[in-house]
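Asks: Chains as they are written, first to last, in the working numbering: chain A, 628 to 800; chain B, 628 to 800.
Number of protein chains: 2
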Amino acid sequence: MKKNIKFNIIVATTLDGKIAKNHNHFSDWTSKEDKIFLHKMLDKSDCIIVGNNTYKTSIKPLSKRNCIVFTKSVKIIKQASTNCLYINPNNIDITELLKAKKYKNIDILGGTEVFSYFLGKNLIDEIYLTIEPIIFGTGLPLFQADLNQNLCYKLKSIKKLNKKGSILLNYIK
Amino acid sequence: MKKNIKFNIIVATTLDGKIAKNHNHFSDWTSKEDKIFLHKMLDKSDCIIVGNNTYKTSIKPLSKRNCIVFTKSVKIIKQASTNCLYINPNNIDITELLKAKKYKNIDILGGTEVFSYFLGKNLIDEIYLTIEPIIFGTGLPLFQADLNQNLCYKLKSIKKLNKKGSILLNYIK
């Protein structure tokens, strides 16, 4: 029962589908236009969900917003600061928690493990996928999840963000 | 020295950047519109380069065209049929071979290993990337290659191929 809660994935990938080179890789390779879009989206969201690595690499822009950080370092739940809640998603029902907090519009920012968690439960309502015209060759994929079946989405819009050709794709379930 | 030879990658991926679920996965998940585009491109090409797995899963549409199949099953080179040449890319210079055959417009169709071979040598002039609005969750990536540096391309065009939202991105070096 996730009704009334909307889960959005907001992510930038290379044209070869990588979200980062490795777990400590800060997203300094994404375009200015993508960052502007991201911050507009975050301003509209009630809460951001990230993994602990993503939180650590982006702590400055995230620390002033309502954040839920997925981590195995806590058993169930721990209030880390006024805005930041650490939870262990294996031991707590995230949708029940969001309901209790009356959070409705949720932006999921990664990384792979967190994206895969929501994909595996088929909870993703909308995907905002920026594709930067760059190739890493290797790195972290968007998802790493065994699914029972392929998931089909619909492309709602395409937007070219700049001259070099960063594009923003919006998919809905 | 690769002058006068143009290497194009033509590939379809899921929105999570996978080219197939596994090595034996035939591309039955790509849209009709992508297949039409692919065959138009192949009609214009002098030669197709594929790996042995890709060749085996697509032998019917490929067998009537000039094909070079990358494989470790031959030592250097072997004429497998009138149109099909098996070569071991570790033991022969592919650009010299193409020059000798006067092939100029080359379409590389995969899989991951063959794409990565050309990426690693920075030989890819143009990429035709179809993104289907589907998610596999796991599977084979477009590339698996350690690069010395990120490679930047430019987006030349975006085309929406159908209603559900398959898109064709054309990148140039």
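Where a beta carbon is used, it is the ideal one built from N, C-alpha and C, also for glycine.
Say whether chain B places a C-beta atom closer than 8 Å to the C-beta of residue 635 of chain A.
Replies: No, residue 635 of chain A does not count as interfacial toward chain B.
Asks: Can you say whether residue 709 of chain B is buried or exposed, counting buried as having 16 or more other CB atoms within 10 angstroms of its CB?
Replies: So residue 709 of chain B ends up on the exposed side.
Asks: Is it right to say residue 839 of chain A is buried, meaning 16 or more other beta carbons lie within 10 angstroms of its own, or is it exposed?
Replies: Nothing about residue 839 of chain A can be read from this structure; chain A reaches only from 628 to 800.
Asks: In chain order, what residues of the same chain have a beta carbon less than 7 Å from the beta carbon of residue 660 of chain A, not counting five sequence neighbours either side?
Replies: Hits under 7 Å: 788, 789, 793.
Asks: What would DSSP say about residue 640 of chain A, mapped onto helix, strand or coil?
Replies: Strand at residue 640 of chain A.
Asks: Let's see if you can read the secondary structure: which residues bound the alpha helix (DSSP H) around residue 745 of chain A?
Replies: Where residue 745 of chain A is concerned, the enclosing alpha helix (DSSP H) stretches over 739-747.
Asks: Can you list, in chain order, the residues of its chain with a C-beta nearer than 8 Å to that of residue 698 of chain B? Leave out the 5 residues immediately preceding and following it.
Replies: Contacts found: 678, 679, 713, 714, 715.
Asks: Any beta-carbon of chain A closer than 8 Å to the one on residue 663 of chain B?
Replies: With 8 Å as the cut-off, residue 663 of chain B does not count as an interface residue toward chain A.
Asks: If you measure from the beta carbon of residue 791 of chain B to each beta carbon in chain A, is any gap under 8 Å?
Replies: For residue 791 of chain B, the answer is yes, since a Cβ of chain A falls inside 8 Å of its Cβ.
Asks: Does any C-beta atom of chain A lie closer than 8 Å to the C-beta of residue 772 of chain B?
Replies: Interface residue, yes.
Asks: Would you say residue 719 of chain B faces chain A, with C-beta separation under 8 Å as the test?
Replies: Not an interface residue.
Asks: On the criterion of 16 or more Cβ atoms from any shown chain inside 10 Å, does residue 643 of chain B qualify as buried, or is it exposed?
Replies: Under this definition residue 643 of chain B is a buried residue.
Asks: Starting from the Cα of residue 797 of chain B, find the closest Cα among B:717, B:755, B:724 and give me that residue.
Replies: The shortest C-alpha separation from residue 797 of chain B is found at B:755.
Asks: Fully enclosed by the region 758-796 of chain A, which alpha helix (DSSP H) runs are 4 residues long or longer?
Replies: Whole alpha helix (DSSP H) segments, 4+ residues: zero.
Asks: For residue 696 of chain A, write down the residues that DSSP places opposite it in a beta bridge.
Replies: Answer is A:677, A:713.
Asks: Run through chain B and tell me which residues come within less than 8 Å of residue 778 of chain A, C-beta to C-beta.
Replies: The contacting residues are 761, 762, 764.
Asks: Is there contact between the region 731-739 of chain B and the region 670-677 of chain B, where contact requires at least three CB pairs shorter than 8 Å?
Replies: Result yes; three or more Cβ-Cβ pairs closer than 8 Å.
Asks: Going by DSSP, what residue range makes up the alpha helix (DSSP H) through residue 686 of chain B?
Replies: Where residue 686 of chain B is concerned, the enclosing alpha helix (DSSP H) stretches over 686-689.
Asks: Residue 768 of chain A CB to nearest chain B CB: under 8 Å?
Replies: It does; some Cβ of chain B falls within 8 Å.
Asks: So, under 8 Å CB-CB, residue 771 of chain B and residue 641 of chain A are touching, yes? Tell me the CB distance rounded to an integer number of Å.
Replies: About 13 Å separates the two Cβ atoms, so there is no contact after all.
Asks: Any residues in the region 631-655 of chain B with a beta carbon nearer than 7 Å to a beta carbon of chain A? Which ones, in chain order?
Replies: Within the region 631-655 of chain B, the residues whose Cβ lies closer than 7 Å to some Cβ of chain A are 640, 642, 643, 644, listed in chain order.
Asks: Please state the DSSP three-state secondary structure of residue 629 of chain A.
Replies: Caution applies to residue 629 of chain A, whose pLDDT of 48 falls short of 50 and renders its modelled position unreliable; the value that the coordinates give is listed next. Here residue 629 of chain A sits in coil by DSSP.
Asks: Compute the Euclidean distance between the alpha carbons of residue 780 of chain A and residue 633 of chain A, then round it to the nearest angstrom.
Replies: Those two C-alpha atoms are separated by around 15 Å.
Asks: Going by the CB atoms, is the gap between residue 635 of chain A and residue 753 of chain A shorter than 8 Å?
Replies: Yes, these two residues count as a Cβ contact at 8 Å.
Asks: In chain A, which residues lie less than 8 Å from residue 750 of chain B when you measure between Cβ atoms?
Replies: Within 8 Å Cβ-Cβ: nothing; residue 750 of chain B doesn't reach chain A, min ~13 Å.
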